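Undergrad: Structure incoming, see below.
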Amino acid sequence: MCGIVGAIAQRNVAKILLEGLSRLEYRGYDSSGVAINNETGVRAHRAVGKVQALKDKFEAEPLDGKIGIAHTRWATHGKPTEANAHPHFSGPDLALVHNGIIENHDVLRRELKAKGYEFKSETDTEVIVHLVHEALKSEPNFVQAVKNALESLHGAFAIAVTLNDENERLVVARQGSPLVVGVGIEENFVASDQLALLHVTDQFIFLEEGDVAELTRDGVTVWDKDDIIQERPISVFNHNVDATDKGEFRHYMLKEIYEQPTVVAACLEGRLSHERVLTSCFGANSEFLKQVENVHIVACGTSYHAGMVAKYWIEDMANIPCTVEVASEYRYRKVAVPKNTLFLTLSQSGETADTLAALRMAKELNYLTTLAICNVPSSTLVRESGLTLLTKAGAEIGVASTKAFTTQLTALLITSIAIAAEKGELSDAKQAELVQALRSLPAYLDAAIKQDSTIQVVAEQFANKHHALFLGRGPMFPIALEGALKLKEISYIHAEAYPAGELKHGPLALVDEDMPIITMVPHNVMLDKLKSNLQEVAARGGELFVFADKDTDLHSEEGVTFTEVPKVDAILEPIVHTIPLQLLSYHVAVVKGTDVDQPRNLAKSVTVE
Ligand code: G6P
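With our numbering applied, the sequence shown covers 12 to 620.
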């Protein structure tokens with residue numbers, strides 16, 4: 012989604028802003044722009060496509076100055092053209108960048124046109140900059156003028172504005188879209204996320220909903236939603252800075268796949284004793300584990316698939332009902348909340364607009380408590396949830412989520428075991444066995460990754476395919492959904508997933524030699540049923556790609572490509588079987604030559620509805 016960077020410094024900020032934009036590329040965008048404010052006025056470059064195109068413009072015609080704002084745009088209102096790229100201007104001296112959506116932009120546009128404003132873009136953003144310009148006519152104080160203009164806006168947004176006058180400063184505001192201030196020495200910065208500023212600072216102030224802030228070289232003043240000045244705390248960034256470095260890997264996605272044994276180990280650390288899950292990992296208030304009688308899981312995308320796996324674990328181990336729903340659906344319906352229901356959100360970023368809206372709605376309902384399983388400690392979701400379990404995957408840059416998913420599954424397994432044990436549904440011996448299995452998970456993930464070169468060869472068979480069908484049973488069904496999502500996200504092959512038992516109810520009609528069928532075969536009670544499903548496919552000339560352990564007795568033969576996955580405890584199968592599917596999608600995308608880390612049209616963090 013759109014990304015914002017801004018800087019006010021004693022030095023030329025052009026390079027800082029361009030580097031910030033490069034660091035935001037992972038969020039997904041289709042055009043970019045920078046405005047630099049110096050004694051000659053505010054001047055901008057904009058470009059469609061990659062940030063490199065913008066850098067080329069700076070190379071050809073440098074813009075120097077000590078105050079500036081910059082933006083990567085993910086088109087919502089109006090195509091990705093140069094005219095629609097931010098910054099937008101009102102007059103020569105006032106420029107603005109914006110992330111989010113202004114819902115009443117049509118009405119505002121009509122009103123502003125009636126006042127004589129000319130619009131140069133199709134964006135909703137342009138109304139904001141004209142509103143600020145209009146407000147400045149009656150309110151000479153720049154910060155106050157911005158505050159006045161914001162009062163007319165409906166929707167979710169984060170903005171950064173610069174005005175060429177004698178008071179050098181940036182004004183920024185947050186209402187529904189994330190914004191973080193970076194604190195430096197005699198220089199200050201702003202961005203949509205910390206990663207964009209790690210080259211200049213590790214000290215951050217997280218703006219809260221409704222905050223407006225003024226950034227000068229010497230300080231940051233923050234007004235809250237009630238217009239009262241607040242001292243917001245400064246946090247020091249403690250992720251590994253190298254997260255933004257690909258190291259020896261060709262793509263971030265591959266690096267993140269390979270990091271999984273390490274980050275899953277980090278996710279387990281401090282959360283298990285020799286024989287038990289340590290309930291202290293949920294914070295001081297872990298009483299909810301005993302009381303919970305129902306679980307409602309709400310999430311989007313890959314996180315939603317992790318939630319679907321957890322439903323099997325929670326119902327099986329803790330013997331309580333669990334529902335899983337996508338946040339964009341949940342937030343717009345009337346939800347029945349049985350007594351003692353836990354509201355559980357899953358999110359890598361903690362900034363997904365629909366998941367946040369669902370949490371805010373849930374907080375008005377009669378839930379036992381709200382628990383966020385999230386990867387970003389400083390995120391809005393973490394700050395607004397009652398309880399948090401961090402996944403500790405480290406920064407994930409590839410748009411297609413990999414290590415965030417397996418660490419979510421790990422955290423969900425910890426949560427499921429804790430609930431089951433606290434409710435007396437799990438014997439001590441069984442809990443000790445599960446904890447033992449969890450401890451071995453990093454080593455199994457490592458073993459699964461060792462199949463990389465085999466899977467790379469398998470991937471070549473997908474180069475000319477246009478469709479693929481993924482089948483799974485039980486908790487492997489959500490893994491099949493996740494496998495299909497990965498393949499379509501980065502290789503643009505149309506992929507669908509079905510519970511294997513549904514094959515005869517429709518998808519079998521699609522099966523022929525052009526339709527590869529991918530299936531993960533767990534070694535459990537469903538094995539024989541799944542083998543029959545595979546026979547049904549083979550009998551129709553379908554090409555099968557089977558991922559299974561040796562004990563399943565499956566092997567490669569005419570029309571069947573068998574890839575071995577390590578044999579693991581049944582509870583770990585969904586997590587370990589995810590690895591070959593990630594690697595398959597990755598290598599298919601590489602074979603097809605797509606932009607693996609920044610697939611077309613997609614955003615890493617979906618901060619608008
Ligand atoms: C976007 C990303 C997905 C992610 C989903 C939910 O669509 O491209 O990878 O699964 O948002 O994001 P969250 O940060 O809430 O997990």
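C-beta atoms are modelled at their ideal positions from N, C-alpha and C, and glycine is treated no differently. Computed from a predicted model, the values in this text were never measured in an experiment.
#1: Apply the 10 Å Cβ neighbour rule to K124 and answer buried if 16 or more other Cβ atoms are within range, or exposed otherwise.
#2: Using three-state DSSP, classify Y509 as helix, strand or coil.
#3: According to the neighbour-count rule (16 or more other Cβ atoms, all chains shown, within 10 Å of its Cβ), is D41 buried or exposed?
#4: Can you find the residues in the same chain that come closer than 6 Å, C-beta to C-beta, to P489, ignoring five residues on each side of it along the sequence?
#5: Given that a residue counts as buried once 16 or more other Cβ atoms are within 10 Å of its Cβ, and exposed if not, what is Y343?
#6: Cα separation between V252 and L209?
#7: What are the boundary residues of the alpha helix (DSSP H) that includes F153?
#8: Tell me which residue opens and which closes the beta strand (DSSP E) that V602 is part of.
#9: Hey, V231 and V192 are a contact pair by Cβ (cut 8 Å); roughly how many whole angstroms apart?
#10: Is C292 near ligand 1, in the sense that its beta carbon is under 6 Å from a heavy atom of that ligand?
#11: Would you give the residue range spanned by the beta strand (DSSP E) that I170 belongs to?
#12: E220: which of S163, T212, E395, L437 sits nearest, CA to CA?
#13: Measure the C-alpha to C-alpha separation of L300 and I428 and round it to an integer number of angstroms.
#14: Among V59, A71, M12, which residue has its Cα nearest to the Cα of N95?
#15: Under the criterion of a Cβ to heavy atom distance below 6 Å, does T381 qualify as lining ligand 1?
#16: Evaluate contact between the region 220-229 and the region 181-190, counting only Cβ atoms and requiring at least three cross-stretch pairs below 8 Å.
#17: Using the three-state DSSP reduction, which class does Q21 fall into: helix, strand or coil?
#18: Could you tell me if the beta carbon of C311 falls within a distance shorter than 6 Å of some heavy atom in ligand 1?
#19: What are the complete beta strand (DSSP E) segments, minimum 3 residues, inside the region 344-392?
#20: Report the rounded CA-to-CA distance for A550 versus I529, giving the unit in angstroms.
#21: To the nearest whole angstrom, what separates the beta carbons of H566 and F573, a pair I think is in contact under 8 Å?
#22: Does the distance from the CB of D104 to the CB of N23 come in under 7 Å?
#23: Based on Cα-Cα distance, which residue from T413, D523, A20, L382 lies nearest to Y263?
#24: Which same chain residues, not among the five before or five after L265, have their C-beta less than 7 Å away from its C-beta?
#25: In terms of alpha-carbon separation, which member of L595, Y128, K61 lies closest to A411?
#26: Give, in chain order, every unbroken run of the alpha helix (DSSP H) that is at least 4 residues long and sits entirely within the region 405-468.
#27: For L400, tell me which candidate among S163, L492, E70, P388 has the shortest Cα-Cα distance.
#28: When burial is assigned at 16 or more other CB atoms within 10 Å of the CB, is P577 buried or exposed?
#29: Would you kindly work out how many angstroms separate the C-alpha atoms of E507 and L496, rounded to a whole number?
#30: V303 and N249 look like a contact to me (Cβ under 8 Å); what is the Cβ gap, rounded to whole Å?
#31: Just to check, is the beta-carbon of S358 closer than 6 Å to a non-hydrogen atom of ligand 1?
#32: State buried or exposed for P98, treating a residue as buried only when at least 16 other CB atoms are found within 10 Å of its CB.
#33: Go ahead and label G294 buried or exposed: buried means 16 or more other beta carbons lie within 10 angstroms of its beta carbon, across all protein chains shown.
#34: Please classify A184: does DSSP put it in a helix, a strand, or coil?
#35: Take E280 as the anchor and find which of T605, N305, E50, A404 has the nearest alpha-carbon.
#36: For V192, write down the residues that DSSP places opposite it in a beta bridge.
TA: This is what the structure gives:
#1: exposed
#2: strand
#3: buried
#4: H316, M319, V320
#5: exposed
#6: Confidence in V252 is poor, its pLDDT being 48 and thus under 50, which makes the residue's placement unreliable; the coordinate value appears in the next sentence. Each residue's alpha carbon lies about 7 Å from the other.
#7: 153-161
#8: Not the beta strand (DSSP E): V602 falls in the alpha helix (DSSP H), residues 584-603.
#9: 5 Å
#10: no
#11: 166-174
#12: E395
#13: 10 Å
#14: V59
#15: no
#16: yes
#17: coil
#18: yes
#19: 352-358, 380-385
#20: 16 Å
#21: 5 Å
#22: no
#23: T413
#24: Y597
#25: L595
#26: 414-433, 439-460
#27: P388
#28: buried
#29: 8 Å
#30: Between N249 and V303 the Cβ distance is about 31 Å, and since that is not below 8 Å, they are no contact.
#31: yes
#32: buried
#33: exposed
#34: strand
#35: A404
#36: V201, I216
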